[in-house]
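Participant:
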Amino acid sequence: MALSDQELKEIAYLARINVNEESLTSLKKELEDILGLFEELNEADTSQVSAMSHPLDLSQPTRKDEVTEENLREELLKNAPSVKSGLFLVPKVIDGDN
Amino acid sequence: MDLHKLSLNQQLNGLKEGDFTSTELTSHYLDRISKLDKELNSFITVTEDQALLQAGAADKRYKEKSNLALDGLPIAHKDIFCTKGVLTTCGSKMLSNFEAPYSSTVYEKLDNEGMVMLGKTNMDEFAMGSSNETSYFGPVKNPWDTEYVPGGSSGGSASCVSAELAPVATATDTGGSIRQPASLCGLTGIKPTYGRVSRYGMIAFASSLDQGGVVARSAEDAALILEAMSGHDSKDSTSLKLDKPDLTKGLDDSIKGMKIGLPKEFFAQDMPAYIEKSIEEAIEVYKSLGAEVVEVSLSNINLSLPIYYIIAPAECSANLSRYDGVRYGYRCENPKDIEDLYMRTREEGFGKEVKRRILIGTYALSAGYYDAYYLKAQKCRQLVANDFSEAFKSVDVILSPTTPGTSFKSGEKADDPIEMYLQDIFTIPANLAGLPGLSVPCGEYEGLPLGMQLVGNSLEEAKLLQFAHSYQSNTDWHKKMPNI
Numbered sequence: 000m001a002l003s004d005q006e007l008k009e010i011a012y013l014a015r016i017n018v019n020e021e022s023l024t025s026l027k028k029e030l031e032d033i034l035g036l037f038e039e040l041n042e043a044d045t046s047q048v049s050a051m052s053h054p055l056d057l058s059q060p061t062r063k064d065e066v067t068e069e070n071l072r073e074e075l076l077k078n079a080p081s082v083k084s085g086l087f088l089v090p091k092v093i094d095g096d097n
Numbered sequence: 000m001d002l003h004k005l006s007l008n009q010q011l012n013g014l015k016e017g018d019f020t021s022t023e024l025t026s027h028y029l030d031r032i033s034k035l036d037k038e039l040n041s042f043i044t045v046t047e048d049q050a051l052l053q054a055g056a057a058d059k060r061y062k063e064k065s066n067l068a069l070d071g072l073p074i075a076h077k078d079i080f081c082t083k084g085v086l087t088t089c090g091s092k093m094l095s096n097f098e099a100p101y102s103s104t105v106y107e108k109l110d111n112e113g114m115v116m117l118g119k120t121n122m123d124e125f126a127m128g129s130s131n132e133t134s135y136f137g138p139v140k141n142p143w144d145t146e147y148v149p150g151g152s153s154g155g156s157a158s159c160v161s162a163e164l165a166p167v168a169t170a171t172d173t174g175g176s177i178r179q180p181a182s183l184c185g186l187t188g189i190k191p192t193y194g195r196v197s198r199y200g201m202i203a204f205a206s207s208l209d210q211g212g213v214v215a216r217s218a219e220d221a222a223l224i225l226e227a228m229s230g231h232d233s234k235d236s237t238s239l240k241l242d243k244p245d246l247t248k249g250l251d252d253s254i255k256g257m258k259i260g261l262p263k264e265f266f267a268q269d270m271p272a273y274i275e276k277s278i279e280e281a282i283e284v285y286k287s288l289g290a291e292v293v294e295v296s297l298s299n300i301n302l303s304l305p306i307y308y309i310i311a312p313a314e315c316s317a318n319l320s321r322y323d324g325v326r327y328g329y330r331c332e333n334p335k336d337i338e339d340l341y342m343r344t345r346e347e348g349f350g351k352e353v354k355r356r357i358l359i360g361t362y363a364l365s366a367g368y369y370d371a372y373y374l375k376a377q378k379c380r381q382l383v384a385n386d387f388s389e390a391f392k393s394v395d396v397i398l399s400p401t402t403p404g405t406s407f408k409s410g411e412k413a414d415d416p417i418e419m420y421l422q423d424i425f426t427i428p429a430n431l432a433g434l435p436g437l438s439v440p441c442g443e444y445e446g447l448p449l450g451m452q453l454v455g456n457s458l459e460e461a462k463l464l465q466f467a468h469s470y471q472s473n474t475d476w477h478k479k480m481p482n483i
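Which chain is which? The protein sequence lines are A and B, in order. Residue numbering for the first sequence follows numbering that gives the first Met the number 0, starting at 0 and increasing by one per position. Residue numbering for the second sequence follows numbering that gives the first Met the number 0, starting at 0 and increasing by one per position.
#1: Given a threshold of 16 other Cβ atoms within 10 Å of its Cβ, counted over all protein chains shown, does residue 333 of chain B qualify as buried or as exposed?
#2: Checking 7 angstroms against the spacing of the C-beta atoms, do residue 416 of chain B and residue 6 of chain A come in under that value?
#3: Is there a Cβ from chain A that is less than 7 angstroms from the Cβ of residue 463 of chain B?
#4: Residues in the segment 282 to 314 of chain B with C-beta within 9 angstroms of chain A's C-beta atoms, listed in sequence order?
#5: Out of B:78, B:112, B:96, B:82, state which residue places its alpha-carbon closest to the alpha-carbon of residue 68 of chain B.
#6: List in chain order: all unbroken beta strand (DSSP E) runs of 3+ residues lying wholly within the segment 16 to 41 of chain A.
#7: Could you name the residues of the segment 379 to 394 of chain B whose beta carbon sits closer than 8 angstroms to any beta carbon of chain A, in the order they occur along the chain?
#8: Between the beta-carbon of residue 360 of chain B and the beta-carbon of residue 316 of chain B, is there less than 7 angstroms?
#9: Please go through the segment 302 to 334 of chain B and give each complete beta strand (DSSP E) segment of 3 or more residues, from N-terminal end onward.
#10: Please list the terminal residues of the continuous alpha helix (DSSP H) segment that includes residue 291 of chain B.
#11: Assuming residue 162 of chain B and residue 142 of chain B form a contact by the criterion Cβ under 8 angstroms, report the distance between their Cβ atoms to the nearest whole angstrom.
#12: Since residue 215 of chain B and residue 470 of chain B are thought to touch, with beta carbons under 8 angstroms apart, how far apart are those beta carbons, to the nearest angstrom?
#13: Which residues does DSSP list as the beta-bridge partners of residue 210 of chain B?
#14: Taking Cβ-Cβ distances shorter than 9 angstroms, what residues in chain A pair up with residue 451 of chain B?
#15: State yes or no: is the C-beta of residue 81 of chain A within less than 7 angstroms of the C-beta of residue 75 of chain A?
#16: Just list the residues that DSSP pairs residue 147 of chain B with in beta bridges.
#17: Measuring alpha carbon to alpha carbon, tell me which residue in B:47, B:64, B:373 is nearest residue 16 of chain B.
#18: Would you list the one or two residues that DSSP bridges to residue 8 of chain B?
#19: Does any residue of chain B bring its CB to less than 7 angstroms from the CB of residue 10 of chain A?
#20: Give the interface partners of residue 376 of chain B over in chain A, defined as CB-CB distance under 9 angstroms, in chain order.
#21: Just mark residue 46 of chain A as buried or exposed, buried being the case when its beta carbon has 16 or more other beta carbons within 10 Å.
#22: Within the same chain, show all residues whose beta-carbon is closer than 6 angstroms to that of residue 549 of chain B, passing over the 5 residues directly before and after it, in chain order.
#23: State the Cα-Cα distance for the pair residue 60 of chain B and residue 70 of chain B, rounded to the nearest angstrom.
#24: Taking the alpha helix (DSSP H) that residue 38 of chain B falls in, what are its first and last residues?
#25: Let me make sure I understand the geometry here. Which of B:225, B:51, B:451 has the alpha-carbon closest to that of residue 275 of chain B?
#26: Under 7 angstroms, Cβ to Cβ, is there at least one residue of chain A near residue 198 of chain B?
#27: Residues of the segment 333 to 344 of chain B in Cβ contact with chain A at a cutoff of 9 angstroms, in chain order, please.
#28: Is the segment 89 to 103 of chain B touching the segment 289 to 301 of chain B, taking contact as three or more C-beta pairs under 8 angstroms?
#29: In terms of alpha-carbon separation, which member of B:19, B:238, B:467, B:3 lies closest to residue 252 of chain B?
#30: Residues of chain B with a CB under 7 angstroms from the CB of residue 14 of chain A: which are they?
#31: Mapping the DSSP letters down to three states, classify residue 477 of chain B as helix, strand or coil.
#32: Are the Cβ atoms of residue 484 of chain B and residue 313 of chain B separated by less than 7 angstroms?
#33: Pop quiz: residue 460 of chain B and residue 191 of chain B are said to be a contact at Cβ under 8 angstroms. What is the actual Cβ separation, rounded to whole angstroms?
#34: Chain A partners of residue 239 of chain B, CB-CB under 8 angstroms?
#35: Does any CB atom of chain B fall closer than 7 angstroms to the CB of residue 32 of chain A?
#36: Are residue 23 of chain A and residue 308 of chain B close, meaning C-beta to C-beta below 7 angstroms?
What follows is the structure, given as structure tokens:
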């Protein structure tokens, strides 16, 4: 199972994790080793089974549609790295002058 | 009096009889933590003030004869369980400043029974690891020999209970994170059936595998606490709609005539001779108690490791996408735009092993690979579960070693992920099938403890604990504690 530098960079971008050039080679080797493990699964005949969802195969319980959550706005904002006027603050996302 | 030498039931009786107060008991443990934990590093946070307040409240209830079921008993919580107003880090730089705005159901249930929180225990970052070397807060040491690892990911919980800095601790298990450290630290650890213990407020790693449980000094202690933690919770959609089981009533029942299965695939592997010997001795104990021992086959069990290393990273990559530096947790300095904020926050906030697993999971779920990896793994997982179902038609429990060896030295496996992953080769199958599993100490090699694993059928925690307790009533391995 060989990964190209380009593939690894694409995966890292999908995961939004910056990977620096120096660690690229060692990381690639580690990932290739782990992906190599997966090849054992090809030998298993899974034509007669369906994919498992819940180990006990239970249906999802339902509850009455009632408001149960308290308003924790202030509590939740306390943990935010940057807040302004009760809102999460991030760098500008929309370009342009307006 | 050496209060820390008393079992949980003895401590509870002492509190009820007024032999000592919860404040005395709690202070005793807090003293031990301050004296002994500098070297072990088993706690990330010690909640001394809060513990003494809770203990004082318990003492008041005893005086007023309005005491709760577990009133005044101290406990340590793995730092994966959210505890309102208390630092909850999951062993990560990403959450190194996170004070949980609400408490996990596990914490609340034990709090409602009057238990006193001593602190939050160290762990592998986001529960990913088998040696407790991946914690942002530094490695945890094994009290049996501080050059050795305590196992992971619940290494802090195992280390502190083994060193008797806490009488019992909560823990979680995704692929062996309760049973493996219990084995390496000479403790009894149980992971219940998937869905038995609520995952609400338990920071998610791999949601279809994660399950809360306990590390304790005996099956009797573990039963008492696991029972209190269990039960349906409408805040967790995967929580089983069942009342909490009675786990203590049948502990002393005889196992005569019950059947133990030995999976031939496990025993066909190369095992160190000392493990084979300890397991054989344990089997002899069970035979002398009237249990019947038969061979069973779990023919797909060898697929467990690759299945796990697809499913767990895939679910982790989805779960950990929430750490984006926007709403809580770590944020990188001076992001130049939103993309840079995400990319550097996650580069700097996560450790090496966590990033490795996110990348593997992202790959396995990415377009073009989903069917080949994730879907294939979920199908193979069903094969493993079917093997267990078949085996449990003819046996009550399945016995094996918990780990492929005793503990190893810090740093020994840190550079080889696959070597580290092999630590969980015997424990992973129970997570894949959602079954309850338990580890009990069954021997020692060169001064380090080792454990045997019992896996039970769905919802049969009581039977597992009965098997463990009957073994512990006839052996002394669980009574051996490290000299520290």
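Beta carbons: idealized from backbone N, C-alpha and C, even for Gly.
Facilitator: So, from the data block:
#1: Numbered from its first residue, the second sequence carries residue 333 of chain B at position 334. Under this definition residue 333 of chain B is an exposed residue.
#2: Along the second sequence, one-based indexing puts residue 416 of chain B at 417. Along the first sequence, one-based indexing puts residue 6 of chain A at 7. Not a contact, by the Cβ cut-off of 7 angstroms.
#3: In the second sequence, residue 463 of chain B corresponds to position 464, counting from 1. Chain A, which has no Cβ nearer than 7 angstroms to the Cβ of residue 463 of chain B, makes this no.
#4: Within the segment 282 to 314 of chain B, the residues whose Cβ lies closer than 9 angstroms to some Cβ of chain A are 299, 301, 302, 304, 305, 306, 308, 309, 312, listed in chain order.
#5: Working through the second sequence from its first residue, we reach residue 68 of chain B at position 69. For the options B:78, B:112, B:96, B:82, the alpha carbon positioned closest to that of residue 68 of chain B is the one of B:112.
#6: Scanning the segment 16 to 41 of chain A from its first residue to its last, no whole beta strand (DSSP E) run of 3-plus residues comes out.
#7: Going along the segment 379 to 394 of chain B in chain order, one finds 379, 380, 381, 382, 384, 385 with a Cβ nearer than 8 angstroms to chain A.
#8: The count along the second sequence starts at 1 and reaches residue 360 of chain B at position 361. The count along the second sequence starts at 1 and reaches residue 316 of chain B at position 317. Yes, these two residues count as a Cβ contact at 7 angstroms.
#9: DSSP assignment within the segment 302 to 334 of chain B yields no whole beta strand (DSSP E) run of 3 residues or more.
#10: Within the second sequence, numbered from 1, the residue matching residue 291 of chain B stands at position 292. Residue 291 of chain B -> not in any alpha helix (DSSP H); beta strand (DSSP E) instead, spanning 291 to 295.
#11: Taking the first residue of the second sequence as 1, we reach residue 162 of chain B at position 163. Taking the first residue of the second sequence as 1, we reach residue 142 of chain B at position 143. 4 angstroms between Cβ atoms; contact.
#12: By 1-based counting over the second sequence, the position of residue 215 of chain B is 216. By 1-based counting over the second sequence, the position of residue 470 of chain B is 471. About 15 angstroms; that fails the 8 angstroms criterion.
#13: In the second sequence, residue 210 of chain B corresponds to position 211, counting from 1. Bridge partners of residue 210 of chain B: B:172.
#14: As a first step, residue 451 of chain B is located in the second sequence; it is residue number 452 there, counting from the start. Neighbours of residue 451 of chain B on chain A: none; closest Cβ ~23 angstroms, over 9 angstroms.
#15: Along the first sequence, one-based indexing puts residue 81 of chain A at 82. Along the first sequence, one-based indexing puts residue 75 of chain A at 76. It is not a contact, given that the beta carbons lie outside the stated cut-off.
#16: Translated into positions along the second sequence, residue 147 of chain B becomes position 148. Beta-bridge pairing links residue 147 of chain B to B:408.
#17: By one-based count along the second sequence, residue 16 of chain B stands at place 17. For residue 16 of chain B, the nearest C-alpha among the options comes from B:64.
#18: Taking the first residue of the second sequence as position 1, residue 8 of chain B is located at position 9. Residue 8 of chain B is not bridged to any residue.
#19: Taking the first sequence and counting its residues from 1, the one referred to as residue 10 of chain A is at position 11. So yes, residue 10 of chain A belongs to the interface.
#20: The residue labelled residue 376 of chain B in the question sits at position 377 within the second sequence. Residues of chain A with a Cβ closer than 9 angstroms to the Cβ of residue 376 of chain B are, in chain order, 37, 40, 50.
#21: Within the first sequence, numbered from 1, the residue matching residue 46 of chain A stands at position 47. It is exposed - the Cβ of residue 46 of chain A has fewer than 16 other Cβ atoms within 10 Å.
#22: The question about residue 549 of chain B has no answer, for chain B in this structure spans 0 to 483.
#23: As a working note, residue 60 of chain B is residue 61 in the second sequence. As a working note, residue 70 of chain B is residue 71 in the second sequence. So the two alpha carbons sit approximately 8 angstroms from each other.
#24: Against the second sequence, residue 38 of chain B aligns to sequence position 39. Where residue 38 of chain B is concerned, the enclosing alpha helix (DSSP H) starts and stops at 21 to 39.
#25: By 1-based counting over the second sequence, the position of residue 275 of chain B is 276. Minimum Cα distance to residue 275 of chain B is reached at B:451.
#26: If you number the second sequence from 1, residue 198 of chain B lands on position 199. No, its Cβ sits nowhere closer than 7 angstroms to a Cβ of chain A.
#27: Answer in chain order: 334, 335, 336, 337, 338, 339, 340, 341, 342, 343, 344.
#28: The segment 89 to 103 of chain B vs the segment 289 to 301 of chain B: no contact.
#29: Numbered from its first residue, the second sequence carries residue 252 of chain B at position 253. Comparing alpha carbon positions, the residue from B:19, B:238, B:467, B:3 closest to residue 252 of chain B is B:467.
#30: In the first sequence, counting from the first residue as 1, residue 14 of chain A sits at position 15. Chain B residues near residue 14 of chain A: 316, 357, 358, 361.
#31: As a working note, residue 477 of chain B is residue 478 in the second sequence. Of the three classes helix, strand and coil, the one that applies to residue 477 of chain B here is helix, per DSSP.
#32: Absent from the model: residue 484 of chain B. The displayed extent of chain B is 0 to 483, so no value can be given.
#33: Locating residue 460 of chain B in the second sequence gives position 461, counting from the first residue. Locating residue 191 of chain B in the second sequence gives position 192, counting from the first residue. Contact holds; Cβ gap of about 5 angstroms.
#34: For the purposes of this step, residue 239 of chain B is identified with residue 240 of the second sequence, where counting begins at 1. Within chain A, the residues near residue 239 of chain B are 55, 57.
#35: If you number the first sequence from 1, residue 32 of chain A lands on position 33. Under the Cβ distance rule, residue 32 of chain A counts among the residues neighbouring chain B, one pair being separated by less than 7 angstroms.
#36: The residue given as residue 23 of chain A occupies position 24 in the first sequence. The residue given as residue 308 of chain B occupies position 309 in the second sequence. Contact: no.
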